[in-house]
Amino acid sequence: STTFKLHYKKEIHEVNIPLVGEFNVYNILAVISALVGSGFVVKKIIKCLANISQVPGRMERLGKKSSPKIFIDYAHTPDALQKALETLKDKTKGKLICVFGCGGNRDSGKRKDMALAASEFADMSIVTSDNPRNENPKKIINEISKYMKGSFSIEIKRDKAIEKAIKFAKKEDVILIAGKGHEKYQEIKGIRYPFSDQKCVRNALKYYKIN
């Protein structure tokens, strides 16, 4: 969750939203502005904002209080990955673990920058497959790994990478699963196979009996 202060007509209002990330604060400010402009009362808007739903795949929080904090985000560019990690770094008491990969048949130059972002802002990374498309996933992962620094491991199968992160994370740790967000498929050699990061997380939590 995020709390911020809203200054409006010489009044200061505390706003609580069940969302994470500076970008969400700006989005909410835009919503408030639009609603106020349409005649809605600020205090009522703020009250409603406390109960809004998460946006699937956009800093989406999964897990329970007894489990590590797990976030799924669509961050699939170096800049987006860095911002997501920076946001979570401030909320991490333990280690920040990043599960990520890079898409195939796309700008291969960003693989280096993704690796550098993960290396700088995560305490540990697991490099895995994203949507390899028509490229060899091992080749993509090897290109990323060349630029990784610090603590990282490789797990080609994305579901296993997610499972590995959850298995070894402690309660005070934070896990970011980046790259696919809301997507319900994984594209391999022109075929979109059913796949969900959210489902993988829930299966792993259930398997390891983490409530």
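For the sequence shown, the tail end lands on 195 under the working numbering, and the numbers increase by one without skipping.
All residues carry an ideal CB built from backbone N, CA and C; glycine is no exception.
Asked: Continuous alpha helix (DSSP H) assignments of at least 4 residues falling wholly in the segment 2 to 82; Found: 6 to 21, 26 to 33 and 62 to 73
Asked: Residue of 8, 194, 163 and 66 minimising C-alpha distance to residue 179; Found: 163
Asked: Three-pair Cβ contact test at 8 Å for the segment 93 to 112 versus the segment 65 to 84; Found: yes
Asked: Nearest to residue -4 (by Cα), restricted to the options 4, 2, 3 and -13; Found: -13
Asked: Outcome for residue 58 when other beta-carbon atoms lying within 10 angstroms are tallied against a minimum of 16; Found: buried
Asked: Where the beta strand (DSSP E) through residue -11 begins and ends; Found: -14 to -8
Asked: Residues bridged to residue 109 [DSSP beta-bridge criterion]; Found: 82 and 136
Asked: Of the listed residues 6, 95, 51 and 32, nearest to residue 16 (C-alpha basis); Found: 32
Asked: Under 7 Å between C-beta atoms of residue 97 and residue 62; Found: yes
Asked: Buried/exposed call for residue 197, threshold 16 Cβ in 10 Å; Found: The displayed coordinates of the chain run from -15 to 195. Any statement about residue 197 would go beyond what the structure contains.
Asked: CA-to-CA distance, residue 24 to residue 49, given in whole angstroms; Found: 35 Å
Asked: Segment contact flag, the segment 146 to 160 with the segment 65 to 78, C-beta cutoff 8 Å, min 3 pairs; Found: yes
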